[in-house]
Each structure stands twice: as C-alpha cells, then as structure tokens.
Amino acid sequence: RLTAEDEREMDLFHRYDSVFVCSEEDARLLPRLPVHVIPNGVSQEFSRNYRPSLGNKALLFAGVFRYRPNFLGIVAFLETVWDDLRQEVPDVELWILGGAGARERAGYQSLWQKPGVTIFDYVEHPVTFLERCALSVNPLLGIRGSSLKVAESLAAGRVCLSTEDGARGFGERGYRSLLTVPSIADFTGPLVRLLTDTDYRVSMERLSPEEIEWLSWKLSAEKQIGFYRELLQNRPDRNGQ
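Take the sequence shown: its letters are residues 1 to 241, numbered as in the numbering used here.
So this is what it looks like as structure tokens:
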C-alpha cells in the first residue's frame, strides 16, 4: 500500500513523458508509470586486460562511505564475517575503497584495525585493484537502483559475492560469476571455498563477449537514445504544426 508521500511522488512522476530506472526491480515498483530500464554499465577498460586471479587471496570492496548502505554493509561484514573468515583463511586480505575521507571517517576504532584490513581513500581507477584481487564482495542491504561495483567486477573477470539485495539489476541475468546469499552472515562459507579452491573460482571468472556487451555503457546509451527517439516521434506537436 502506498503512503501519502509515495502518492505525491507518483503524481510528480506522472508529469513526465517517461521515467528511466536502472533495474527491472525498480521498474516493478512503478507499475502505473511509463517506465524504461537503462541498466548501469561499465567502460571497456574493465574487460580489456583480463588475467586469472591465480595465487591471490585479497577481497575487494569498492564502495564510497558517503553512501550510507556501503558504510553499513562493510561494517556488518567486519562485525559478522571477518573474524571467522580469518580463522579459516589466515592470509586473506580485505581492500576497502571507501572514497575521499574514508580513513578519516573510519577513525581508529578497533573494527577498522583488524588484521588484513586496509582502507584506501578515493581511488580514480578501481580496475587496477580488480586486476590484483581474488574476488569482490558486496554486502549491501535495502538498496534501490543497482550497484555499479557489481558490473565492474563481472566485466573485469572477478567473481562477485553479493547479498541478494546488493545484486539488484544483475541477479536476474544469470551471470555465473555473480554469486548471491540471503544475508551478510551467509558470506563465510562461500568465501572460504572461493579463496581456497582456485580452480573453482577461476572457472567462473571470464564472461562471454555477449555477456560483457550486456554490461557496456555503449549498450545502455543505445537503449536510452532509442527511447528518446521514440518519445520524440510519438509526442504531440505543441505548436499545432
């Protein structure tokens, strides 16, 4: 049931010819509107230099802390998963790309000082970290839209282990390198296998050219241009000509 605030937002949406969203899940939240899905994508640099993740046990979390679900997600991961995972895989590392000011926001609390955890402030080219890590993690809950970090990981040839919430926009496409679990507490078991069974992990990493194309900004731009052309062709001439 829609709240009064939801109804006001719907009234605003109806003032426009069309509404763009970036996931099918978002589109289903707006059933009474003319909605078009333009998925998030990545540039070609992420898929250009794939190398298997042999001999590496570093996890990558690329999520700026200014977006609250990112901050809460990685905090929950450190609180509920990290210690158990370190017991099973003592040499595992966690690289956190938290964006500008991330280390200052993290402060010196013991949570961020756990062995194997490194926080990086703003990093312009996450692809360089993806090329060096074993896989990525996306422990997000209660989000809307879709996580660009998921698309970047898949395109770069790195398995992404995500919550079902965090996989919005990509989970329904059947990517073999995107694995999902219901909750953050469920990460430990799959991570142990992914980190210790290299053949298993590498067998899922590389997507087909067609799957990489599905993740491209080029394809998303073509879809958006097509929708604009359709809207312009079907829109009434307001000058009466």
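Virtual Cβ for every residue (Gly too), placed ideally from N, Cα, C.
Note that the coordinates shown come from a computational prediction; the quantities given were computed from them, not determined experimentally.
Item to check | Buried or exposed by the 16-neighbour rule on C-beta atoms within 10 Å, applied to residue 196 | outcome: So residue 196 ends up on the exposed side.
Checklist entry - If you draw a straight line from the C-alpha of residue 209 to the C-alpha of residue 44, how long is it? => result Rounded to whole angstroms, residue 209 to residue 44 spans 12 angstroms at the Cα level.
Checklist entry - At what residues does the beta strand (DSSP E) containing residue 138 begin and finish? => result Annotation: the continuous beta strand (DSSP E) that includes residue 138 extends over 135-138.
Checklist entry - To the nearest whole angstrom, what separates the beta carbons of residue 26 and residue 144, a pair I think is in contact under 8 angstroms? => result The Cβ separation is near 6 angstroms, so the contact holds.
Checklist entry - What's the C-alpha gap between residue 99 and residue 126? => result Here the alpha carbon of residue 99 sits roughly 11 angstroms from the alpha carbon of residue 126.
Item to check | Where the beta strand (DSSP E) through residue 95 begins and ends | outcome: Under the DSSP assignment, residue 95 falls in the beta strand (DSSP E) whose first and last residues are 93-97.
Checklist entry - Ends of the alpha helix (DSSP H) at residue 58? => result Careful: residue 58 lies outside any alpha helix (DSSP H), inside the beta strand (DSSP E) at 58-62.
Checklist entry - Cβ of residue 151 within 8 angstroms of Cβ of residue 42? => result A contact, by the Cβ cut-off of 8 angstroms.
Next on the checklist: Counting C-beta neighbours from all protein chains within 10 Å, is the total for residue 4 16 or more, i.e. buried, or is it exposed?
Outcome noted: Exposed, because fewer than 16 other Cβ atoms sit within 10 Å of the Cβ of residue 4.
Checklist entry - If residue 139 and residue 76 are in contact, beta carbons under 8 angstroms, what's the gap, nearest whole angstrom? => result Indeed they touch by this definition, with Cβ atoms about 6 angstroms apart.
Checklist entry - Since residue 36 sits in a beta bridge, which residues does DSSP pair it with? => result Per DSSP, 20.
Next on the checklist: Just to confirm before moving on: does the CB-CB distance between residue 59 and residue 136 stay below 8 angstroms?
Outcome noted: Yes.
Checklist entry - For residue 129, which three-state DSSP category applies? => result When secondary structure is reduced to three states using DSSP, residue 129 falls in the helix class.
Next on the checklist: Here's the rule: buried if 16 or more other CB atoms are within 10 angstroms of the residue's CB, otherwise exposed. What is residue 2?
Outcome noted: By the 10 Å Cβ count, residue 2 comes out exposed.
Next on the checklist: Suppose the cutoff is 8 angstroms on Cβ atoms and the five residues either side in sequence are ignored; what does the same chain contact list for residue 231 look like?
Outcome noted: Here the set comprises 17 and 18.
Checklist entry - Since residue 166 contacts residue 23 with CB under 8 angstroms, what's their CB separation in whole angstroms? => result The pair is not a contact, with the Cβ atoms about 12 angstroms apart (cut-off 8 angstroms).
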